[in-house]
Amino acid sequence: MGLTGAENNVYLNGKKVLKGLKMDNSNFYIFTGGPGSGKSTVLNILSDLGYLTVREVGRDIIQKQLKTGGDALPWNNTARYARLMLLHSVFDFEEFAHINKPCFFDRGIPDTLGYCRLIHLSYPENLNEAVKEYRYNKKVFIFPPWEEIYTKDSERKQDLREARDTYRVMKEVYEEYGYRPIIVPCLPAKERAEWIISNIAIKSTTSRQAIAGE
């Protein structure tokens, strides 16, 4: 996903985003919470089972910035990083807007607002409007901090305290904007995936057998 022109032009890959059109996709399910809580692992399992999944935009932005020597990083130019998070998140929403089956997102547009609130950063232009206009399913799966699995890496520099703070702020933001965060239990990843599938009322014997390794 490449940003073209100045950010104020609001184009990604030649496609205009932030159109100001209200979009409500009840088949879009968000995974949120603090870093290192197992979201991406569960998302990968769901992808292997054939479900549509969308990667975390923050990770993609960090990887590209590190590769190209850019400064839009959460430990450098936080304002530019937040702006890119917003644009990429809206782009992903619109890319899958025509899909009618369940689609799982590793973080959603409200996560950008939560990030800004967490670090006391002024909101990018149009952020509040985007959170209100681009709506996901009200049921949001929030992954709690889990010390036993938490690790740092070159892209995840937060400590466990910051992970807990992120979880708290994300929960507050989603509730504030009319969503219903559902805490994902601390279980083995395959069991978490099965728990999520059962919570969105997808009755698929094949999926359940695949998760169980049968």
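Per full-length UniProt numbering, the sequence shown starts with residue 1, numbered consecutively. Even for Gly, the Cβ is constructed at its ideal location relative to N, Cα and C.
Within its own chain, the residues whose Cβ lies closer than 8 Å to the Cβ of residue 23, once the five positions on either side in sequence are excluded, are 93, 94, 97, 133, 134, 135, listed in chain order. Taking C-alpha positions only, residue 176 is separated from residue 168 by approximately 12 Å.
With a threshold of 16 other beta carbon atoms within 10 Å, residue 35 meets it and is buried. Rounded to the nearest angstrom, the gap between the Cα atoms of residue 38 and residue 194 is 14 Å. The shortest CA-to-CA distance from residue 108 to any of 66, 82, 50 is the one to 82. Note that the segment 172–192 touches the segment 105–119; at least 3 beta-carbon pairs, one per stretch, sit closer than 8 Å.
Counting every other CB atom within 10 Å of its CB across the protein chains shown gives residue 188 a total below 16, marking it as exposed.
Secondary structure remark: continuous alpha helix (DSSP H) runs of at least 4 residues inside the segment 69–109, in chain order: 78–95. In this structure, the alpha-carbon of residue 31 lies about 15 Å from that of residue 163. Close CB contacts of residue 123 within its chain, under the 7 Å cut and outside five residues either way in sequence, are with 113, 116 (chain order).
Measuring C-alpha to C-alpha distances from residue 161 to each of 172, 147, 68 identifies 147 as the nearest. For residue 181, the beta-bridge partners assigned by DSSP are 140.
In this chain, residue 123 is not harboured by any beta strand (DSSP E), its DSSP state being neither H nor E. By DSSP's assignment, residue 52 forms a beta bridge with 103. Between residue 50 and residue 85 the beta-carbon gap is near 28 Å, outside 8 Å, which marks them as no contact.
In this structure residue 88 is buried. Its beta-carbon is surrounded by 16 or more other beta-carbon atoms within 10 angstroms.
Burial check for residue 56: the Cβ neighbour count within 10 Å reaches 16 or more, so the residue is buried. In the DSSP annotation of this structure, the continuous segment of the beta strand (DSSP E) that includes residue 30 starts and ends at 28–33. Residue 197 counts as buried, since at least 16 other C-beta atoms from the protein chains shown sit within 10 angstroms of its C-beta.
Taking 8 Å as the cut-off, the Cβ atoms of residue 66 and residue 104 do not count as close.
When DSSP states are grouped into helix, strand and coil, residue 159 belongs to the coil group. Looking at 41, 91, 102, 73, the one whose alpha-carbon comes closest to that of residue 139 is 102.
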